[in-house]
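Protein sequence lines correspond, in order, to chains A, B and C. Positions 1 to 261 (full-length UniProt numbering) are the ones given, in order, by the first sequence. Positions 1 to 188 (full-length UniProt numbering) are the ones given, in order, by the second sequence. Positions 1 to 608 (full-length UniProt numbering) are the ones given, in order, by the third sequence. The beta carbon of each residue, even a glycine, is placed where N, CA and C say it ideally should be. Contents: one structure, followed by commentary.
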Amino acid sequence: MMLRDWNPSIKGLAIILAVILLSLTFDPVTPLLALAFTILFTFGLGRVPWRKWLLGFAPFLIMGFGYVWTALLFPRSADPAASAVLWQWGSFIVIEATFHQALSLGLRVLIFSALSLIFILTTDPVRFMLSLMQQCKLSPKWAYGILAGYRFLPFFKEELRILQHAHRMRGVERERGWKNKLRAWKRYAIPLLASAIRKSERVAAAMISKGFSGRRDRTYYTELRVTWKDWLLLALLLGGITLCYYLSWKLGYTQWYRGQL
Amino acid sequence: MNNQWKLRDIIVLSSLSVVFAVIYLLFLQVGNVLVGFMGPMGYEVIFGIWFIVSIIAAYIIRKPGAAVISETVAGVVEVLIGNAVGPILIVSALIQGLGAEAVFAASRYRSYSTKVLMVAGVGSAVFSFIWGYFRSGFGAYSLGLVIAMLVVRCISGALISGLLGKWIADALAKTGVLRSFPIAKERK
Amino acid sequence: MTAGQLLATGRSHSASVPAGDDQHDSRKAIMAEGLALAFEEHDAPVLANIDAAVHDGETVLLLGPSGCGKSSLAFCLTGLYPYAIDSHVEGRVSIYGKPLADYESGDIAQLIGIVFQDFESQFCMLRVEEEIAFCLENWNCPRADMDHIIREVLDKVGLNDWRHAFIHELSGGMKQKLALACALALRTRMLVLDEPTSNLDPYARRQFANLVTELALKEGLTLLIIEHQLDDWIGIANRLLVMDADGTIVYDGLPAPYFKHHVAEAKAHGIWLPRALELQQALAEDLSMVGKATDVSSRDFADIAEDADDPPLTEQQLLAKLSSLPRDAQATALSLLTPLKTKRSYTEDRVFLQAHELVFRRKGRAVIDGVSLTLRAGEWVALVGPNGAGKSTLASLLSGLTQPDEGNILLQGIHLHRYAERELRAFIGYVFQNPEHQFIADTVRDELAFGLRRQGISEEDVQSQVTDTLTRFRLTKIADANPFALSQGQKRRLSVAAVLTDSQQLLMCDEPTYGQDAYASKQLMDMLHSRVQAGSAVLMITHDMEWVEAYADRVIVLSEGQIRYDGSPASLWTEHASLLEANHLRMPMNYSVAGRLRTQLAEGGERR
Numbered sequence: 001m002m003l004r005d006w007n008p009s010i011k012g013l014a015i016i017l018a019v020i021l022l023s024l025t026f027d028p029v030t031p032l033l034a035l036a037f038t039i040l041f042t043f044g045l046g047r048v049p050w051r052k053w054l055l056g057f058a059p060f061l062i063m064g065f066g067y068v069w070t071a072l073l074f075p076r077s078a079d080p081a082a083s084a085v086l087w088q089w090g091s092f093i094v095i096e097a098t099f100h101q102a103l104s105l106g107l108r109v110l111i112f113s114a115l116s117l118i119f120i121l122t123t124d125p126v127r128f129m130l131s132l133m134q135q136c137k138l139s140p141k142w143a144y145g146i147l148a149g150y151r152f153l154p155f156f157k158e159e160l161r162i163l164q165h166a167h168r169m170r171g172v173e174r175e176r177g178w179k180n181k182l183r184a185w186k187r188y189a190i191p192l193l194a195s196a197i198r199k200s201e202r203v204a205a206a207m208i209s210k211g212f213s214g215r216r217d218r219t220y221y222t223e224l225r226v227t228w229k230d231w232l233l234l235a236l237l238l239g240g241i242t243l244c245y246y247l248s249w250k251l252g253y254t255q256w257y258r259g260q261l
Numbered sequence: 001m002n003n004q005w006k007l008r009d010i011i012v013l014s015s016l017s018v019v020f021a022v023i024y025l026l027f028l029q030v031g032n033v034l035v036g037f038m039g040p041m042g043y044e045v046i047f048g049i050w051f052i053v054s055i056i057a058a059y060i061i062r063k064p065g066a067a068v069i070s071e072t073v074a075g076v077v078e079v080l081i082g083n084a085v086g087p088i089l090i091v092s093a094l095i096q097g098l099g100a101e102a103v104f105a106a107s108r109y110r111s112y113s114t115k116v117l118m119v120a121g122v123g124s125a126v127f128s129f130i131w132g133y134f135r136s137g138f139g140a141y142s143l144g145l146v147i148a149m150l151v152v153r154c155i156s157g158a159l160i161s162g163l164l165g166k167w168i169a170d171a172l173a174k175t176g177v178l179r180s181f182p183i184a185k186e187r188k
Numbered sequence: 001m002t003a004g005q006l007l008a009t010g011r012s013h014s015a016s017v018p019a020g021d022d023q024h025d026s027r028k029a030i031m032a033e034g035l036a037l038a039f040e041e042h043d044a045p046v047l048a049n050i051d052a053a054v055h056d057g058e059t060v061l062l063l064g065p066s067g068c069g070k071s072s073l074a075f076c077l078t079g080l081y082p083y084a085i086d087s088h089v090e091g092r093v094s095i096y097g098k099p100l101a102d103y104e105s106g107d108i109a110q111l112i113g114i115v116f117q118d119f120e121s122q123f124c125m126l127r128v129e130e131e132i133a134f135c136l137e138n139w140n141c142p143r144a145d146m147d148h149i150i151r152e153v154l155d156k157v158g159l160n161d162w163r164h165a166f167i168h169e170l171s172g173g174m175k176q177k178l179a180l181a182c183a184l185a186l187r188t189r190m191l192v193l194d195e196p197t198s199n200l201d202p203y204a205r206r207q208f209a210n211l212v213t214e215l216a217l218k219e220g221l222t223l224l225i226i227e228h229q230l231d232d233w234i235g236i237a238n239r240l241l242v243m244d245a246d247g248t249i250v251y252d253g254l255p256a257p258y259f260k261h262h263v264a265e266a267k268a269h270g271i272w273l274p275r276a277l278e279l280q281q282a283l284a285e286d287l288s289m290v291g292k293a294t295d296v297s298s299r300d301f302a303d304i305a306e307d308a309d310d311p312p313l314t315e316q317q318l319l320a321k322l323s324s325l326p327r328d329a330q331a332t333a334l335s336l337l338t339p340l341k342t343k344r345s346y347t348e349d350r351v352f353l354q355a356h357e358l359v360f361r362r363k364g365r366a367v368i369d370g371v372s373l374t375l376r377a378g379e380w381v382a383l384v385g386p387n388g389a390g391k392s393t394l395a396s397l398l399s400g401l402t403q404p405d406e407g408n409i410l411l412q413g414i415h416l417h418r419y420a421e422r423e424l425r426a427f428i429g430y431v432f433q434n435p436e437h438q439f440i441a442d443t444v445r446d447e448l449a450f451g452l453r454r455q456g457i458s459e460e461d462v463q464s465q466v467t468d469t470l471t472r473f474r475l476t477k478i479a480d481a482n483p484f485a486l487s488q489g490q491k492r493r494l495s496v497a498a499v500l501t502d503s504q505q506l507l508m509c510d511e512p513t514y515g516q517d518a519y520a521s522k523q524l525m526d527m528l529h530s531r532v533q534a535g536s537a538v539l540m541i542t543h544d545m546e547w548v549e550a551y552a553d554r555v556i557v558l559s560e561g562q563i564r565y566d567g568s569p570a571s572l573w574t575e576h577a578s579l580l581e582a583n584h585l586r587m588p589m590n591y592s593v594a595g596r597l598r599t600q601l602a603e604g605g606e607r608r
């Protein structure tokens with residue numbers, strides 16, 4: 001339950017810092033250790049349902065795979081003299097250094113998504129916006145304005161489903177060719193966007209009619225505070241990742257980002 | 001020019017982002033898997049779709065800051081919706097938006113021609129690429145691939161966000177719903 | 001108040017106004033003088049030269065043809081124009097004695113609350129409790145008081161059980177109740193209701209109207225009500241404001257005299273008449289005919305046709321009027337109210353579609369649970385039932401948009417899934433609730449041509465057919481306009497015109513009158529009626545039993561995915577009245593008046 005009560009702003013900050021911290025490495029061991037730690041962190045401190053987590057995580061396995069093979073095929077430096085050759089297939093050579101880098105990039109995709117899932121699966125949208133207002137001093141006009149638009153999500157999903165049916169009833173068949181596909185795309189986009197703009201105008205009027213002036217001095221029904229617990233969780237996450245770096249360095253794997261361009 | 005953001009404009013930015021998020025869901029489910037098998041290069045081809053909201057919003061609302069703010073709002077909305085890229089997406093969106101904003105600023109917010117919109121798409125592409133280079137570790141790829149990726153991303157930015165964005169916004173203006181926005185006032 | 005009593009001024013809000021006693025009368029909740037509104041500086045005005053006032057404690061009903069600017073007027077009177085929405089407003093508006101411009105932003109909200117037509121887009125938070133809290137925060141309500149105020153206002157509108165529910169999961173009627181709760185949380189003295197029930201079904205409409213009436217009485221609220229469908233509101237109105245199509249006020253006075261002297265005018269403007277009045281008029285006509293034929297003393301019928309009294313505007317008043325007639329005339333009226341419709345003799349007893357034991361599951365739950373039905377040529381079938389009964393799902397199964405999990409559907413004796421998509425669409429047409437969903441082209445002309453081009457007709461023929469359709473549906477003037485830019489009524493006509501190619505034998509309509517005014521609804525129904533007479537079949541989902549009574553040959557009551565009734569409307573009203581209440585359906589007024597009259601007659605018989 002702790003992750004759910006973690007102040008969303010501090011949670012977001014912790015995850016952004018963790019991502020930046022992990023962008024500095026090019027070895028496979030650090031992200032692998034960090035991934036293990038993050039999973040431990042997620043399930044140890046938050047009641048996150050496994051199924052949901054896997055559902056969010058799975059697409060990144062495929063994406064990570066894409067990064068791996070691309071890095072194998074098009075490595076920055078594949079000088080066989082620099083490190084041991086792992087395998088060779090015609091003129092295609094994979095050396096150990098390249099393999100490690102490729103693996104690192106793939107794992108990086110996974111650790112980033114695992115970190116993000118901490119936030120996504122344990123943060124209530126309204127609390128996130130409230131926290132941006134109360135901790136990050138985001139103006140209420142922006143915070144409530146964004147929420148008002150976000151609220152339309154289920155409505156637009158339903159509208160899109162109806163549009164698909166309605167267009168089918170009109171005899172729009174499966175489009176072939178990119179030009180027709182583009183037109184089909186526009187046929188969905190225009191009604192949705194038009195209704196989005198109309199609804200936005202209406203909800204803006206409705207909010208003003210409820211006395212919303214956008215002023216910063218307002219009372220809050222839900223007051224979010226930052227306590228030492230929030231900072232402790234941040235320290236725990238970042239400390240854990242630092243520890244991963246330390247372990248990997250002890251094992252002799254750590255490879256830093258060296259400003260390659 | 002009135003540079004004050006009205007509540008209505010903010011909600012419009014937010015709801016446009018929601019609409020695109022919903023449309024992405026429809027069209028990119030298959031795309032995502034494809035990208036996995038094609039590697040980062042496959043992603044570059046459709047990368048411009050991420051900037052389309054900010055180009056459309058800037059084109060409709062025509063205010064200094066419209067591009068960067070709308071892209072950031074889109075990032076926040078994506079996080080609210082539960083995009084698995086997570087809170088870092090807000091940072092990415094901010095950087096992308098800055099790219100387009102720089103182009104509009106260079107035109108002193110006076111021109112919203114097709115050319116400017118396409119260049120703005122390229123601006124977002126370049127900025128996002130620099131950020132992505134660091135974050136996704138493009139340093140591990142061969143220089144040729146990196147350059148090819150940059151070129152593809154720029155083309156994608158120009159075509160998908162600039163050209164397609166303008167096409168959509170113009171079609172939207174014809175429906176009459178943008179009557180009270182700067183885009184419609186200019187058309188008169 | 002008449003226009004002459006007020007000074008017409010052209011000054012805008014920002015102009016400073018010397019405070020006269022008359023202007024600063026705080027017993028006037030709202031006062032407007034010389035009000036004019038335009039969206040663009042040089043556009044034609046939406047409203048022109050409006051003088052109007054709403055007094056504290058009054059209930060005012062604002063009527064006018066669709067698109068005349070009723071809502072705009074309400075928004076001007078509450079300061080939304082020009083402060084929330086870009087527009088050019090001239091003239092003066094004061095609220096509780098203070099000019100609009102003198103209010104701080106946000107303060108008016110504590111005097112006047114608004115309930116909007118589009119219930120989807122008047123909230124900004126996700127959960128019920130959060131939305132009320134948002135209102136409280138807007139006036140800096142101390143945090144310690146919030147909890148009990150939230151409980152209190154939710155209690156008043158009966159939503160306390162939904163305090164933590166997501167707003168988007170509430171029904172339309174509940175959303176409007178939440179909007180009311182918001183106004184209560186803002187502690188307003190006045191409520192503006194901007195067509196709050198025009199997107200609700202009749203059952204929810206009555207519930208909402210009853211709630212508003214009760215709250216207004218309890219809390220002493222002033223009401224300004226805008227609504228097409230008068231029946232639920234006319235009874236509580238003290239005063240009527242009527243606008244014409246040009247955006248000026250043409251009537252300001254008591255309701256009864258308007259409907260006594262201006263009925264023809266109202267009809268010409270497309271203003272919905274109270275159902276009770278329509279029934280009385282129809283009765284008066286029939287009775288005088290019956291009177292001539294049977295030589296009953298004609299004075300009795302003169303009574304109901306045109307007497308010195310006010311015309312009946314509500315069911316109650318109509319009932320009272322009928323009860324005052326002599327007994328034999330009452331009996332005649334009774335039989336005229338509920339005529340025995342002769343069942344239509346089908347030109348051919350041809351079966352179009354047969355569904356057998358359909359089952360459709362969503363997330364493991366059977367949304368459609370063993371439905372069997374038959375649709376025949378020349379038949380108008382109404383599909384009714386409470387929200388969430390599965391009506392739309394059933395229509396989408398029957399039209400082949402979705403596949404059933406069990407059971408089968410035969411279209412002219414052949415399995416539905418054996419048809420090619422194109423053949424299917426040529427046979428079955430579908431009219432969606434929101435006309436915009438069906439638009440796929442950039443102009444009205446192309447919209448109509450789209451379907452024809454698909455059929456592979458030569459371009460010349462396409463053009464001539466389109467021209468013909470444009471004329472038939474009165475769309476010629478706007479042939480090159482964008483479909484999204486049309487008025488509500490035009491959109492509806494276009495969407496139907498585009499769906500109706502001549503080959504379609506079976507038409508599915510999903511609440512086609514939703515959000516439409518009296519005139520547009522009637523037109524649409526007549527259009528469908530002519531198709532039925534030409535031998536097509538119509539399956540119409542609707543919540544409005546008045547339409548069912550007027551048009552349907554057969555009515556199917558669906559509830560929890562099962563058919564509860566399948567038969568003639570008349571026998572549903574008379575023999576299965578318990579089904580109506582259970583499924584949130586409202587009996588047509590002629591039957592409910594007849595029912596009550598009959599009871600009275602039976603009881604009165606003993607008294608006399």
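Bridge partner(s) assigned by DSSP for residue i
| i | result |
| --- | --- |
| A:H100 | DSSP, once it has assigned bridges, lists no residue as partnering A:H100. |
| residue 262 of chain A | What the structure shows of chain A is the stretch from 1 to 261, and residue 262 of chain A is not part of that stretch, so it cannot be assessed. |
| C:T222 | C:M190 |
| C:Q354 | C:T374 and C:L410 |
Cβ-Cβ separation, residue j to residue i (assumed contact under 8 Å), whole Å
| i | j | result |
| --- | --- | --- |
| B:T175 | A:I162 | With 8 Å as the limit, B:T175 and A:I162 do not qualify as a contact, their Cβ atoms being about 18 Å apart. |
| A:V203 | C:L126 | Their Cβ separation, rounded to whole angstroms, is 13 Å, which puts A:V203 and C:L126 out of contact at 8 Å. |
| C:H164 | C:E129 | 6 Å |
Beta carbon of residue i nearer than 8 Å to that of residue j
| i | j | result |
| --- | --- | --- |
| A:S209 | C:L80 | yes |
| C:L539 | C:L383 | yes |
| C:A183 | C:Q122 | no |
| C:V367 | C:R376 | no |
| A:A166 | C:F432 | yes |
heavy atom of the ligand NAD below 7 Å from residue i C-beta
| i | result |
| --- | --- |
| C:L572 | This structure simply doesn't include the ligand NAD, nor any ligand for that matter. |
Buried versus exposed, by CB contacts within 10 Å (16 or more), residue i
| i | result |
| --- | --- |
| A:L182 | exposed |
| C:I556 | buried |
| C:M289 | exposed |
| A:Y246 | exposed |
| C:R608 | Because the pLDDT at C:R608 is just 46, under 50, the model does not fix this residue reliably, and the point stays unresolved. |
| A:S9 | buried |
| C:S297 | Low confidence applies here, because C:S297 scores a pLDDT of 49, under 50, leaving its location unreliable; read the following figure in that light. With fewer than 16 Cβ atoms within 10 Å of its Cβ, C:S297 is classed as exposed. |
| C:D22 | Legend: pLDDT at C:D22 = 47, less than 50; position of this residue unreliable, no value from coordinates given. |
Opening and closing residue of the alpha helix (DSSP H) in which residue i lies
| i | result |
| --- | --- |
| C:Q316 | E315 to S323 |
| C:R492 | Q488 to V499 |
| C:V548 | M545 to Y551 |
Unbroken beta strand (DSSP E) run spanning residue i, endpoints
| i | result |
| --- | --- |
| C:R564 | Q562 to G567 |
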